[in-house]
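Structure first, then comments.
2 protein chains.
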Amino acid sequence: MILCDIGNTSVDLYQDGKRTKLRADDFDPFSITEEVYFISVNSRFNERVINCPNWHDLRAAVAWEKYYPTMGIDRVMVCEAVEEGVIVDAGSAITVDVMRSGVYEGGFISLGLRAAREAYGRLSPALDVSWNFEVDLAKMAKNTPNAVTAGFLAPLVAQIKSLGKPIYLSGGDAQILSRFFPDAVVDEELIFKGMKKLIEKGRVC
Amino acid sequence: MILCDIGNTSVDLYQDGKRTKLRADDFDPFSITEEVYFISVNSRFNERVINCPNWHDLRAAVAWEKYYPTMGIDRVMVCEAVEEGVIVDAGSAITVDVMRSGVYEGGFISLGLRAAREAYGRLSPALDVSWNFEVDLAKMAKNTPNAVTAGFLAPLVAQIKSLGKPIYLSGGDAQILSRFFPDAVVDEELIFKGMKKLIEKGRVC
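Same order as they appear, the protein sequences are chains A and B. Counted from 1, the first sequence has number 128 at position 128 by this note's numbering; the numbering is strictly sequential. Counted from 1, the second sequence has number 186 at position 186 by this note's numbering; the numbering is strictly sequential.
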């Protein structure tokens, strides 16, 4: 069994604990003959995969009444992985969601670190600075890199901490953010754990 | 006496409590014969104004040791206006600064509302939604407009409130933000009040 997370630019395959990342444009779903369980936010890929009988879309297995209809499928999967806690998925966006006793309580969407840095840069050349991830978020800033880094991170980190524990960090920027959450669990495979749990629930066709 | 705040796209003139906004590109500083005290972040304008003897740059009047060298001059001016409190200047960026007994304690820079909305829109068409400024920031969101609006505003508003009182709101988006700060003083002329105070201190040449 292969698990697969299809984004707009990349395909992330997971088999027996091993992860392989490929470019979405070059990827041919017919090249895999094993059973594949996938999630996808890539509409071009969805058209290609529709005739592959061994590819199973996990979207159909989600109990959507727990979530909301326009919620991203990747976000649903990291929530499925966690029974109790705050899930921070730090990718192109940073999604923050709360699960309590398996019930989805809601969440919010922040800009991802790269998107935020770029947005500051677009505002003014003076704000197009390297971020200082060593910044002390408890202190008021007195230079531009700290004012920008803390300006984005201090409110976000405080808000996440206010939601309670445990905190799970996933996604490409999980390691960078973990500096500000010393007690958090960093788990870059949370999305695949969610997919696996959903398959085990047996609603997959 | 005329006060003037020169941005990259507009010129904001203030005389006897009356404000006039003009386009920076068309504006000829020689067209004004009265004494003008100005701040400017517009380098093209600065070259044009250099030969106007009646135009006085307030940058030279700032006691920069109180602030930091790369701090925006507009930000310094709103701080000069306030002896005690938290100053939120919500324009293309949202700057947040703290003054205690006339001493600058530091601050941070957030994206402006428009810049943030655009940055979400660039991430994904699914996040290119109208913001809901009626959102209840105390509740976890369960739809995309609320998840995005609260994702940006809830952390920022909580962080500003954590800095103490009084809170002063200035800049083009002061009215929109005031909904979330019922006790704040909205003062769209804070920048001119700071300029006036600085002139009264008498360090202007």
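Think of the CB as a built atom: it goes at the ideal place given N, C-alpha and C, for glycine as much as any other residue.
- Item | DSSP state of Ile-228 (chain A) mapped onto helix, strand, coil | Given a span of 1 to 205 for chain A in the structure shown, any question on residue 228 (chain A) remains unanswerable.
- Message: I want to see whether chain B comes within less than 8 Å of Met-140 (chain A), judged by CB atoms only; does it?
- Response: Start at 1 with the first residue of the first sequence, and residue 140 (chain A) comes out as number 140. Between Met-140 (chain A) and chain B, the shortest Cβ-Cβ separation is below 8 Å.
- Message: I'd like to know if Leu-169 (chain A) contacts chain B, where contact means its C-beta is closer than 8 Å to some C-beta of that chain.
- Response: Sequence index remark: in the first sequence, residue 169 (chain A) carries index 169 (1-based). Not one chain B Cβ lies under 8 Å of Leu-169 (chain A).
- Kindly list the residues whose CB is nearer than 8 Å to the CB of Lys-161 (chain B), restricted to its own chain and excluding five residues on each side of it in sequence; keep chain order. Reading the second sequence from its first residue, position 161 is the one you call residue 161 (chain B). So the list reads Ile-167, Phe-181, once near-sequence residues are dropped.
- Message: Assuming Val-49 (chain A) and Pro-69 (chain A) are in contact, meaning their beta carbons sit under 8 Å apart, how far apart are those beta carbons, in whole angstroms?
- Response: Numbered from 1 along the first sequence, position 49 holds the residue referred to as residue 49 (chain A). Numbered from 1 along the first sequence, position 69 holds the residue referred to as residue 69 (chain A). Going by Cβ atoms, the distance from Val-49 (chain A) to Pro-69 (chain A) rounds to 22 Å, so no, they are not a contact pair.
- Item | For Tyr-217 (chain B), the nearest candidate out of B:Glu-105, B:Ile-2, B:Leu-177, B:Ile-32 (CA to CA) | Nothing can be reported for residue 217 (chain B): it is not among the residues displayed for chain B, which extend from 1 to 205.
- Message: Per the DSSP calculation, Gly-172 (chain B) is bridged to which residue(s)?
- Response: Position 172 of the second sequence, counted from the first residue, corresponds to residue 172 (chain B). Gly-172 (chain B) pairs with nothing; no bridge assigned.
- Could you tell me how far apart the beta carbons of Ala-150 (chain A) and Leu-137 (chain A) are, in whole angstroms, since I believe they sit closer than 8 Å? Within the first sequence, residue 150 (chain A) is the residue found at index 150, counting from 1. Within the first sequence, residue 137 (chain A) is the residue found at index 137, counting from 1. Going by Cβ atoms, the distance from Ala-150 (chain A) to Leu-137 (chain A) rounds to 6 Å, so yes, they are a contact pair.
- Task: Within 10 angstroms of the Cβ of Phe-108 (chain B), are there 16 or more other Cβ atoms? Answer buried if so, exposed if not.
- Result: Here the question's residue 108 (chain B) lines up with position 108 in the second sequence. The residue is buried, with at least 16 neighbouring Cβ atoms inside 10 Å.
- Give a yes or no on whether the minimum CB-CB distance between Arg-122 (chain B) and chain A is below 8 Å. Locating residue 122 (chain B) in the second sequence gives position 122, counting from the first residue. Yes - at least one Cβ of chain A is within 8 Å of the one on Arg-122 (chain B).
- Message: Give me the residue from A:Ile-94, A:Ser-92, A:Val-62 with the minimum Cα distance to Ala-81 (chain A).
- Response: Taking the first residue of the first sequence as 1, we reach residue 81 (chain A) at position 81. Looking at the Cα atoms, A:Val-62 is the closest of the given residues.
- Task: List the residues of chain B that Pro-281 (chain A) touches, going by C-beta distances under 7 Å, in chain order.
- Result: Residue coverage of chain A in this structure runs from 1 to 205, which leaves residue 281 (chain A) outside it and unanswerable.
- Note down the Cα distance separating His-56 (chain A) from Tyr-37 (chain A), rounded to an integer number of angstroms. Along the first sequence, one-based indexing puts residue 56 (chain A) at 56. Along the first sequence, one-based indexing puts residue 37 (chain A) at 37. Their Cα atoms are separated by approximately 5 Å.
- Query: In this structure, does DSSP put Val-78 (chain A) in helix, strand or coil?
  - Reply: One-based indexing of the first sequence puts residue 78 (chain A) at position 78. Under the three-state reduction of DSSP, Val-78 (chain A) is assigned to helix.
- Only counting runs of 3 or more residues, tell me where the beta strand (DSSP E) segments fall wholly within the segment 71-129 of chain B, in order along the chain. Complete beta strand (DSSP E) runs here, min 3: 85-90, 93-100, 103-111.
- Task: For Ile-54 (chain B), collect the residues of the same chain with a Cβ closer than 8 Å to its Cβ; drop the 5 residues on either side in sequence, then sort them by chain order.
- Result: In the second sequence, residue 54 (chain B) corresponds to position 54, counting from 1. Before going further, note that residue 54 (chain B) is Asn rather than Ile in the sequence given. Around Asn-54 (chain B): Ile-32, Thr-33, Glu-34, Glu-35, Val-36.
- Message: What residue range does the alpha helix (DSSP H) around Leu-153 (chain A) cover?
- Response: As a working note, residue 153 (chain A) is residue 153 in the first sequence. Start and end: 144-161.
- Measuring CA to CA, which of B:Ile-176, B:Asp-16, B:Lys-197 is closest to Gly-112 (chain B)? Translated into positions along the second sequence, residue 112 (chain B) becomes position 112. Of the listed residues, the one whose Cα sits closest to Gly-112 (chain B) is B:Ile-176.
- What residues in the segment 85-98 of chain A bring their beta carbon closer than 9 Å to a beta carbon of chain B? Among the residues of the segment 85-98 of chain A, those with a Cβ less than 9 Å away from any Cβ of chain B are Ser-92, Ala-93, Ile-94, Thr-95, Val-96, Asp-97, Val-98, in the order of the chain.
- Message: Taking 8 Å as the threshold (C-beta atoms), are Val-78 (chain B) and Gly-194 (chain B) in contact?
- Response: Against the second sequence, residue 194 (chain B) aligns to sequence position 194. Against the second sequence, residue 78 (chain B) aligns to sequence position 78. Contact flag set, yes.
- Query: Given that Glu-105 (chain B) touches chain A, what residues does it touch there, using C-beta distances under 8 Å?
  - Reply: Within the second sequence, numbered from 1, the residue matching residue 105 (chain B) stands at position 105. In chain order: Met-140.
- Task: Quick one: residues in its chain with C-beta nearer than 8 Å to the C-beta of Lys-21 (chain A), no 5 flanking neighbours on either side, listed in chain order?
- Result: Position 21 of the first sequence, counted from the start, is the residue given in the question as residue 21 (chain A). Answer for Lys-21 (chain A): Ser-10, Val-11, Asp-12, Leu-13, listed in chain order.
- Message: Would Val-148 (chain A) and Tyr-120 (chain A) qualify as a contact pair, given that the criterion is a beta-carbon distance under 8 Å?
- Response: To locate residue 148 (chain A), count along the first sequence from 1; it is residue 148. To locate residue 120 (chain A), count along the first sequence from 1; it is residue 120. Yes, the Cβ-Cβ distance between Val-148 (chain A) and Tyr-120 (chain A) is below 8 Å.
- Please state whether DSSP places Leu-190 (chain B) in a helix, a strand or coil. What you label residue 190 (chain B) is simply residue 190 of the second sequence in a count that begins at 1. DSSP places Leu-190 (chain B) in helix when its eight states are reduced to three.
- Item | CB contact check: Ala-184 (chain A) to chain B, cutoff 8 Å | Here residue 184 (chain A) is taken as the residue at index 184 of the first sequence, counted from 1. For Ala-184 (chain A), no CB of chain B lies under 8 Å from its own CB, so it is not counted at the interface with that chain.
- Item | Neighbour-count burial assignment, Ser-130 (chain A), 16 or more Cβ in a 10 Å radius | Here residue 130 (chain A) refers to the residue found at position 130 of the first sequence. Ser-130 (chain A) is exposed by the Cβ-count criterion.
- Task: Measure from the C-beta of Leu-127 (chain A) to each C-beta in chain C and report whether the shortest distance is under 8 Å.
- Result: The question asks about chain C, but that chain is absent: this structure's protein chains are A and B.
- Message: For Asp-12 (chain A), report the span of its beta strand (DSSP E) as first-last.
- Response: Start at 1 with the first residue of the first sequence, and residue 12 (chain A) comes out as number 12. It spans 10-15 - the beta strand (DSSP E) in which Asp-12 (chain A) sits, taken as one unbroken run.
- Item | Asn-143 (chain B) at chain A interface by Cβ criterion, 8 Å | What you label residue 143 (chain B) is simply residue 143 of the second sequence in a count that begins at 1. By this cut-off, Asn-143 (chain B) is an interface position.
- Applying a beta-carbon distance threshold of less than 8 Å, which residues of chain A neighbour Thr-70 (chain B)? Sequence index remark: in the second sequence, residue 70 (chain B) carries index 70 (1-based). Within 8 Å Cβ-Cβ: Ala-126, Asn-143, Thr-144.
- CB contact check: Leu-111 (chain A) to chain B, cutoff 8 Å: For the purposes of this step, residue 111 (chain A) is taken as residue 111 along the first sequence, with counting starting at 1. Chain B, which has a Cβ nearer than 8 Å to the Cβ of Leu-111 (chain A), makes this yes.
- Message: Can you tell me whether Asp-183 (chain A) is buried or exposed? The criterion is at least 16 other CB atoms within 10 Å of its CB, across all chains shown.
- Response: What you label residue 183 (chain A) is simply residue 183 of the first sequence in a count that begins at 1. The residue in question, Asp-183 (chain A), is exposed, as its Cβ has fewer than 16 Cβ neighbours within 10 Å.
- The beta strand (DSSP E) with Leu-3 (chain B) in it runs from where to where? The count along the second sequence starts at 1 and reaches residue 3 (chain B) at position 3. Element bounds for Leu-3 (chain B): 2-6.
- Would a check of beta-carbon distances place Gly-164 (chain A) closer than 8 Å to chain B? Counted from its first residue, the first sequence places residue 164 (chain A) at position 164. No, no contact with chain B.
- Item | Span of the beta strand (DSSP E), counted from its first residue to its last, around Val-36 (chain A) | Here residue 36 (chain A) refers to the residue found at position 36 of the first sequence. Its beta strand (DSSP E) spans residues 36-40.
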